[in-house]
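Each residue of the sequence shown is one higher than the last, beginning at 14 in our numbering. Accompanying notes for the structure given below.
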Amino acid sequence: PVPKNYQHILALAFAIQEINKDPQLLPNITLGFRIYEENQYASMAQDVSLSLLSSRGKLFPNFKCDIQDNLLSILGGLNSRISYQMATILGNFKISQLGYRFSDPVLRDKTQFPTFYQIDPQYHLQNAAIVRLLLYFQWNWIGVVVQRSESSDHFIQIFNTTLAQYDICVQFAKQILNQISLFNELHNDQVDVLWTILNNDAQVVIISGDSNTLQNLIAALYIYEEENQATSGKVWILTTQWEFSAIGYHYDWVKLKSIHGALSFTVHTNPVPGFKDYLWALNPHEPHGDVFLPEWWEVVFDCQVLKAGVGSPDGQRVCTGEENLDTLPASLFDGKMTGFSYSIYNAAYSVAHALHRLESQWALKRRGKKPHFYLSVKPWQIHTFLKNYAFNNTAGEKVSFSETGMKYAGFDILNWIVFANMTILQQKVGWVDMEVPSAEGFSINPDAIVWANQTKPFSRCVQYCLPGQVRKVAEGRLICCYECISCPEGTISNQTDAPRCDPCPEDQYTNKEKDQCIAKKIHFLAYQDTLGYTLVFLTLSLSMITMAVLAIFLKHRDTPIVKANNRDLTYILLFSLLLCFLCSFLFIGQPGKITCLFQQSAFAILFSLAVSSVLAKTVMVVLAFMATKPGNKTRKLLGKPLTNSIVIACPLVQALLCAIWLVTSPPFPNLDFHSLVGEGILECKEGSTSMFYTVLGYLGFLALISFTVAFLARKLPDSFNEAKFITFSMLVFCSVWITFVPTYLSTKGKSMVAVEIFSILASGAGLLACIFSPKCYIILLRPQLNSVQIGIRPNCFWRRPFQEQKDYYKPGDLTIGGNFPLSLTIVLQLPHEPPGDWDNLSLPVPKNYQHILALAFAIQEINKDPQLLPNITLGFRIYEENHYASMTPDVSLSLLSSRGKVFPNYKCDTQDNLLSVLGGLSSRTSYQMATVFGNFKVSQLGYRFSDPVLKDKNQFPTFYQIDPQYHLQNAAIVRLFLWWEVVFDCEVLKAGLSSPDGRRVCTGEENLATLPASVFDGKVTGFSYSIYNAAYSVAHALHAYMVESQWALKRGKKMSQLFCVKPWQ
């Protein structure tokens, strides 16, 4: 016996009693009831159904032999198998049945069972409630145990589908029979289920089935725990179909510890008023036809109900009828109406309300007549009124019916706590309302839950993914056995185990951990930025310089250098450059609609004005020189009309392009949140990119024309000719803006604006510096050059300060130059002077004069030789080499010019025909001379000793070394030691060392003069001999050139006219 189930009978009896008392619900109609005990055998369920269809005591279903009970509806059974058996019979008689179907899909088929209405919660609602609980505790690795039935496979399939939608995996799903083990012996079915539960790591197990099913599992767990002295440690989640109650006459409470810490779902109930008073009025001695009351009383109070004055034959305690129901434990009998009983109570009221609606409809039709309604009503007539109806029960809760049965929205979550004394506490820890969205329809107090292992279990396939990570399922693995990867850039996850990363709004960016979005900082070139300060300073500085230059030119407007370059154009150019610099302020600061509209247009038009002014100046220079030619008609173009036309027309075309741009697709302020990470760029969008580059291209076109014209006019003679300066300024201008385009396209935000401002400042500064700095230099620092006489000086004027040097000169058809030292400069510390006070002392070296004599003698001998250079006389110009580096270029320039006039490589009158140069006799002097002579392609035969630079033929192609190469000298020094040992018969050793073989040690003071001439001759000097040979080398080179080219024979000229030969030939 299951004493707690007796409450179902009492719930129906109490509901009928309350309905009959209500004068408004069914006036003048009394409801009765016939209650049978449900039997687990299917054949017995059919017998009960037939009994309900027949008159009491006679089995003639739906047949009126005599007095027939007016059956209106049937409540039961309380599991899907019994409900199916009953519905199979009752459906044939169109009698409504309000029962439990749980997960049986067959009973949902209205074509097969049109009169069946479900009064237990629909399993998809329970599944959804269970999912909310699992998601709250982040359990995604679970096991499932269900009662074995015809629909168990279907339930597992549907449940798996529901769980998979929320990435919850079922590690195992087992079916268990609903049989109960009365002895401590496990059936094979129990062993299999138990082994699966304990050998899998899923810590959460969902159990779905009736009370018998759970009792079967509890018994198996108890036996395992007793044998192994251990607990399973699992968390059991129980569905609404199970209501735990004591079984049998002797309550073995010790088995209950296996469900300690379990969580169960029950139908949400409100206290039903009057039910407790109804229970207290029960008396087994006055059952009022209740055949189950005495038997139940005996079970729960362990006594025997006997007639008054009769004693128990076996000595058992006799029931007095005054036993207190409140003393019974909840597992035995609960004084509050629980889930199943509450459903029965509401089902009885649903039938009563359906009958009330039917009676109300008939009352309208009969119009005051008073037939016997209860005799005329048929059971199938209430079907229409059972569907789609709602009412409030006596507990104040809304009860509603749909096509399929009673609707349930709310569930209570209970925590089962088993104490050491084996008493049970069912503590409510939360609730679920399925009609409310998940966030608001779920509430639980995790701190109030008592767990089996004292802590919340970890029932997951893998560890949690942290905020900032997202789940990624590897191929071939279950969806809950995933990997955790970091969210992509621009996305976040702000919860653990996030299924996806959500992108941040456009105006926000992710933090480093990628678990929250941060508002982006608005980014633009502000005055407060360091870059802004710098650009403002540059702009103001260049503007002040421009105004200063303009002031200088206004002050000196009547001077030749200002007049020579068209004052009006100069003023326009300076004023336009000033405005160009100032237009940079349109680009600095927070972009607005007005500044964006005019910044590019202002820059383009002002720069067009500046470049057109430069172009006008250049064109005027070219036309001025062309007009000097006889018969040239360009003189008519000279004057202000042409310059005015250029200065007006060129900017006017640019202004027209800008106007088209502003009308068709004007620039506008725009917020760009995608180019920079963590920042939003507030920028001026061009509107039309093609128009922006068209305007820029037109500006480049003007600059290219100005550069081309200035380049062609750069060599026109005039001291005040600006063409060279304009050429260089346009080269700088074009270089800046050519560099601007790729730089502008490759930068973003304030850097892009800074690039454009810098290009404006750099190109404007280039124009200002290249064109006006030479003029300002002359006006301010060299006013003596700002005169008409300077302006018309001849082209052969040499402006470099020059000091004429004395020379030894002998004329000839071709000249060989020389530069040799005659003295030695010594740096001395003078006595009685403080340290660091040095003086230079120049001492003559008589022997060096031999170098001059060697060259003069070589030239004399060459001129005497009739075979070497017939009919050609070589001459020479010899200068004394100076140890000051600045004097060496003067000597070189003197050799390149006519004697007495310093115009290098320029024929003003008679010019000496320089063929080659010999000298200097030190690497420093040779370097100074080679720097000059290399530019004029004049061969130089000199000394370089160890200087590696002079060896570079790319830098010094006309220099030839006449001293021995230093690596040969090094080898000679080595040989000297060997030679000295041979000629003097001694051994060269370090000081203080003696010869190991007894030979004489060389002192180094041996006299070379004592050596015979056959051993060593000291008459010939090195430098003079090299000079002598170098002179002959030049003569032979000239001879070879004449023989090879046969130059004289081809032209029929005299050999004396060979002075036209060039030194590089």
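Glycine included, each C-beta is placed from N, C-alpha and C at the ideal position.
- Taking a 10 Å sphere around the C-beta of residue 1008, we find fewer than 16 other C-beta atoms and assign the residue as exposed.
- Given a length threshold of 4 residues, each whole run of the alpha helix (DSSP H) inside the segment 385 to 415 is given here in chain order: 386 to 389 and 396 to 399.
- Looking only at 626, 662, 421 and 881, the smallest Cα-Cα distance to residue 137 is reached by 421.
- It is roughly 15 Å from the alpha-carbon of residue 358 to the alpha-carbon of residue 403.
- Of the residues 714, 768 and 765, the one whose Cα lies closest to the Cα of residue 747 is 714.
- By the Cβ neighbour-count rule, residue 31 is buried, with 16 or more other Cβ atoms within 10 Å of its own.
- Put simply, the backbone Cα of residue 91 is about 13 Å away from that of residue 20.
- Taking the CA atoms as reference points, residue 789 sits about 17 Å from residue 741.
- A residue is called buried when at least 16 other Cβ atoms come within 10 angstroms of its Cβ; residue 965 does not meet this threshold and is exposed.
- Close CB contacts of residue 551 within its chain, under the 7 Å cut and outside five residues either way in sequence, are with 774 (chain order).
- Burial state of residue 418 is buried, judged by a 10 Å Cβ sphere holding 16 or more other Cβ atoms.
- In the three-state reduction of the DSSP assignment, residue 160 falls in the strand class.
- With a threshold of 16 other beta carbon atoms within 10 Å, residue 612 meets it and is buried.
- Residue pairing by DSSP places residue 445 opposite 424 and 455 in a beta bridge.
- When only Cα atoms are considered, residue 546 and residue 768 end up about 15 Å apart.
- Residue 120 sits away from residue 106, with the two beta carbons spaced by 8 Å or more.
- By the C-beta density criterion, residue 962 is exposed, having fewer than 16 other C-beta atoms within 10 angstroms.
- Given a length threshold of 4 residues, each whole run of the alpha helix (DSSP H) inside the segment 542 to 603 is given here in chain order: 543 to 568, 573 to 576 and 580 to 595.
- When C-alpha distances from residue 529 are compared across 177, 759, 189 and 509, the shortest belongs to 509.
- Distance from the CA of residue 492 to the CA of residue 479, rounded to the nearest whole angstrom, comes to 17 Å.
- Of the residues 145, 151 and 185, the one whose Cα lies closest to the Cα of residue 159 is 185.
- A contact is defined here as three or more CB-CB pairs under 8 Å, and the segment 824 to 832 meets this definition with respect to the segment 881 to 898.
- For residue 370, the secondary structure class from DSSP, reduced to helix, strand or coil, is helix.
- By the neighbour-count criterion, in which 16 or more other beta carbons inside 10 Å mark a residue as buried, residue 362 falls on the buried side.
- Ranked by Cα distance from residue 929, the first of 541, 1077 and 581 is 1077.
- According to the DSSP assignment, residue 277 belongs to no alpha helix (DSSP H) but to the beta strand (DSSP E) extending over 276 to 280.
- Beta-bridge analysis with DSSP links residue 419 to 414.
- Per DSSP, the unbroken alpha helix (DSSP H) holding residue 874 starts and ends at 862 to 877.
- When only Cα atoms are considered, residue 215 and residue 98 end up about 37 Å apart.
- From the listed residues 999, 40, 912 and 1010, the smallest Cα separation to residue 1016 is found for 999.
- Counting along the chain, no beta strand (DSSP E) covers residue 824, and no H or E run does either.
- Boundaries for residue 688: no alpha helix (DSSP H) harbours it, and the DSSP string shows neither H nor E there.
- The beta carbon of residue 325 sits closer than 8 Å to those of 317, 319 and 331, all from its chain and outside the five residues before and after it, given in chain order.
- With 16 or more other Cβ atoms from the protein chains shown falling within 10 Å of its own Cβ, residue 392 counts as buried.
- Where residue 973 is concerned, the enclosing beta strand (DSSP E) starts and stops at 972 to 974.
- Secondary structure at residue 666: helix, using DSSP grouped into helix, strand and coil.
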